[in-house]
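Below: one structure, written as structure tokens.
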């Protein structure tokens with residue numbers, strides 16, 4: 022599930038979640054480094070992306086974030102144990118698909134190459150042909166410097182790290198979320214959380230969620246602003262179980278995970294520090310037959 026992105030026009034936005042103990046979600050640190058291979062698996066992942074090349078709906082997918090350290094031509098290679106596909110989106114415009122490839126010399130190998138700008142954010146999406154899913158190895162290589170000089174994009178101001186002490190106080194006083202729909206308002210001046218899938222210095226709201234029995238929990242956010250939704254098993258710094266920026270459009274976000282009994286924390290954040298306002302949050306719990 023994926024990184025911090027929405028997708029190309031005509032594609033559904035991407036869910037970025039972290040690996041939970043149940044294995045249904047994705048792991049932390051989903052940032053790619055030039056020359057270093059990473060391993061992943063789309064088994065049992067949600068089908069959140071429809072690439073333009075050989076990836077109709079039906080296969081689970083995962084996404085990674087890549088920020089080139091220098092301008093140049095980069096090659097992204099996915100070597101899968103299944104019929105895989107790869108897509109590249111950006112820069113900083115997560116709805117723009119730059120390149121897409123289903124097969125390169127065989128069903129289990131897919132590659133895209135493109136000239137990328139330094140310091141800009143790109144999303145790499147690993148998908149499968151039709152319903153194919155499985156393990157894969159993902160590598161980004163620098164093929165050569167940029168053919169022409171490029172002007173660096175605007176740099177975002179540094180984000181102040183999350184303050185664990187301030188967050189602990191907020192978590193202790195956080196209102197309880199119940200199954201069903203809860204309404205709230207995000208204020209620009211209340212800002213201590215730093216969500217993992219896109220968070221600036223804007224406001225945020227913290228809730229407690231009590232789970233009494235093992236359940237599949239789905240949480241949906243409907244906001245009047247570009248909201249972010251994060252689920253943690255601990256207050257600060259986590260661990261983070263799932264995080265999502267956009268689902269369907271910028272005003273909706275959704276996370277889902279298998280949870281055991283315990284106290285969890287749900288954070289409503291904003292993508293842009295200038296955006297705030299009313300929202301509603303819906304909690305669904307499905308118990309029984311979840312493999313606990």
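Residue numbers (my numbering): 22 to 313. Think of the CB as a built atom: it goes at the ideal place given N, C-alpha and C, for glycine as much as any other residue.
Next item on the list: Given a cut-off of 8 Å, decide if residue 81 and residue 64 are closer than it, judged by their beta-carbon atoms.
Entry: Within the chain shown, numbered from 1, the residue matching residue 64 stands at position 43. Within the chain shown, numbered from 1, the residue matching residue 81 stands at position 60. Against a cut-off of 8 Å, the Cβ pair of residue 81 and residue 64 comes out as a contact.
Notebook entry, point to check: Do you know how far the Cα of residue 217 is from the Cα of residue 277?
Noted result: The count along the chain shown starts at 1 and reaches residue 277 at position 256. The count along the chain shown starts at 1 and reaches residue 217 at position 196. Cα atoms of residue 277 and residue 217: separation of roughly 16 Å, rounded to the nearest angstrom.
Checklist line | Which of helix, strand or coil DSSP assigns to residue 51 | finding: Counting from 1 along the chain shown, the entry for residue 51 is found at position 30. Three-state DSSP puts residue 51 in coil, outside helix and strand.
Next item on the list: Just tell me which of 240, 121, 279, 262 has its CA closest to the CA of residue 314.
Entry: Lying outside 22 to 313, the shown extent of the chain, residue 314 is not represented and no answer is given.
Margin query: Less than 8 Å between the C-beta atoms of residue 72 and residue 124, yes or no?
Written below: Locating residue 72 in the chain shown gives position 51, where the first residue counts as 1. Locating residue 124 in the chain shown gives position 103, where the first residue counts as 1. Not a contact, by the Cβ cut-off of 8 Å.
Notebook entry, point to check: Are the region 113–132 and the region 84–91 touching, with three or more C-beta to C-beta distances below 8 Å?
Noted result: no
Checklist line | Between the CA atoms of residue 111 and residue 139 - distance to the nearest angstrom | finding: Taking the first residue of the chain shown as position 1, residue 139 is located at position 118. Taking the first residue of the chain shown as position 1, residue 111 is located at position 90. Cα-Cα distance, rounded: 12 Å.
Next item on the list: Could you check what DSSP says for residue 185 in three-state terms: helix, strand or coil?
Entry: On the chain shown, residue 185 is found 164 positions in, with the first residue counted as 1. DSSP places residue 185 in helix when its eight states are reduced to three.
Check: Taking DSSP as the reference, what is the three-state secondary structure of residue 193?
Finding: Taking the chain shown and counting its residues from 1, one reaches residue 193 at position 172. Note: residue 193 maps to helix in three-state DSSP.
Check: Exposed or buried, what is residue 60 when buried is set at 16 or more other beta-carbons lying within 10 Å of its beta-carbon?
Finding: The count along the chain shown starts at 1 and reaches residue 60 at position 39. Flag for residue 60 reads exposed.
Notebook entry, point to check: What residue ranges within the region 244–291 form continuous beta strand (DSSP E) runs of no fewer than 3 residues, ordered along the chain?
Noted result: 248–253, 261–265, 273–280, 283–291
Next item on the list: In the DSSP assignment, find the beta strand (DSSP E) that holds residue 132 and state where it starts and stops.
Entry: Numbered from its first residue, the chain shown carries residue 132 at position 111. Residue 132 -> beta strand (DSSP E) spans 130–137.
Notebook entry, point to check: Where residue 97 and residue 201 are concerned, what is the direct C-alpha to C-alpha distance, given to the nearest angstrom?
Noted result: Taking the chain shown and counting its residues from 1, one reaches residue 97 at position 76. Taking the chain shown and counting its residues from 1, one reaches residue 201 at position 180. Using only the alpha carbons, I get a separation of about 43 Å.
Item checked: residue 80 (DSSP reduced to helix, strand or coil) -> If you number the chain shown from 1, residue 80 lands on position 59. DSSP places residue 80 in the coil class of the three-state scheme, outside both helix and strand.
Note to self: Just checking: is the beta-carbon of residue 186 within a distance shorter than 8 Å of some beta-carbon in chain C?
What the structure shows: In summary, chain C is missing from the structure at hand, where a single protein chain is found.
Check: In whole angstroms, what is the alpha-carbon distance linking residue 247 and residue 237?
Finding: Counting from one through the chain shown, the residue named residue 247 turns up at place 226. Counting from one through the chain shown, the residue named residue 237 turns up at place 216. Whole-angstrom Cα-Cα distance: 26 Å.
Checklist line | Beta-carbon proximity list for residue 255, same chain, < 8 Å, skipping 5 on both sides | finding: On the chain shown, position 234 is the one that residue 255 refers to. 286.
Check: Tell me, which residues are paired with residue 238 by DSSP?
Finding: In the chain shown, the residue the question calls residue 238 occupies position 217. 278, 306.
Notebook entry, point to check: Relative to the C-alpha of residue 151, which residue among 245, 162, 74, 130 is closest?
Noted result: Residue numbering aside, residue 151 sits at position 130 when the chain shown is read from its first letter. Considering only alpha carbons, the answer is 74.
Check: Roughly how many angstroms lie between the CA atoms of residue 126 and residue 56, to the nearest whole one?
Finding: As a first step, residue 126 is located in the chain shown; it is residue number 105 there, counting from the start. As a first step, residue 56 is located in the chain shown; it is residue number 35 there, counting from the start. Distance between the alpha carbons of residue 126 and residue 56: 21 Å.
Check: Which whole-angstrom value describes the C-beta separation of residue 99 and residue 134, a residue pair presumed to lie in contact below a C-beta threshold of 8 Å?
Finding: In the chain shown, counting from the first residue as 1, residue 99 sits at position 78. In the chain shown, counting from the first residue as 1, residue 134 sits at position 113. Their Cβ separation, rounded to whole angstroms, is 13 Å, which puts residue 99 and residue 134 out of contact at 8 Å.
Notebook entry, point to check: CA-CA distance, residue 305 and residue 196?
Noted result: What you label residue 305 is simply residue 284 of the chain shown in a count that begins at 1. What you label residue 196 is simply residue 175 of the chain shown in a count that begins at 1. Approximately 17 Å, taken between the alpha carbons.
Check: Taking the Cβ atom as the reference point for each residue, do residue 68 and residue 78 lie within a distance shorter than 8 Å?
Finding: Here residue 68 corresponds to residue number 47 of the chain shown, with the count starting at 1. Here residue 78 corresponds to residue number 57 of the chain shown, with the count starting at 1. In this structure, residue 68 sits near residue 78, with a CB-CB distance shorter than 8 Å.
Check: Which residues in the same chain have their Cβ closer than 8 Å to the Cβ of residue 282, if we skip the five residues on either side of it in sequence?
Finding: Residue 282 sits at position 261 when you count from the first residue of the chain shown. Cβ neighbours of residue 282 beyond the five flanking positions: 232, 233, 234, 235.
Item checked: 8 Å Cβ cutoff met for residue 62 and residue 144 -> Taking the first residue of the chain shown as 1, we reach residue 62 at position 41. Taking the first residue of the chain shown as 1, we reach residue 144 at position 123. Result no, Cβ atoms of residue 62 and residue 144 do not sit closer than 8 Å.
Next item on the list: Verify whether the separation of the beta carbon atoms of residue 161 and residue 107 is less than 8 Å.
Entry: The count along the chain shown starts at 1 and reaches residue 161 at position 140. The count along the chain shown starts at 1 and reaches residue 107 at position 86. Cβ atoms of residue 161 and residue 107: not closer than 8 Å.
Next item on the list: Tell me whether residue 230 is buried or exposed, calling it buried when 16 or more other Cβ atoms sit within 10 Å of its Cβ.
Entry: If you number the chain shown from 1, residue 230 lands on position 209. Buried, by the Cβ-count rule.
Checklist line | Nonlocal neighbours in the same chain, by C-beta distance under 6 Å from residue 308, ignoring five residues either side | finding: Stepping through the chain shown from its first residue, residue 308 is reached at position 287. Taken in chain order, the residues that qualify are 234, 236.
Next item on the list: Under 8 Å by Cβ, that's how I've got residue 250 and residue 262 pegged, so tell me the actual separation to the nearest angstrom.
Entry: For the purposes of this step, residue 250 is taken as the residue at position 229 of the chain shown. For the purposes of this step, residue 262 is taken as the residue at position 241 of the chain shown. Contact flag wrong, Cβ pair sits at about 11 Å.
Check: Using the rule of at least 16 other Cβ atoms within 10 Å of the residue's Cβ for burial, across every protein chain shown, is residue 210 buried or exposed?
Finding: Walking along the chain shown from the start, residue 210 turns up at place 189. Under this definition residue 210 is an exposed residue.
Check: Among all the DSSP beta bridges, which residues are the ones paired with residue 317?
Finding: Only positions 22 to 313 of the chain appear in the structure, and residue 317 is not among them; the question remains open.
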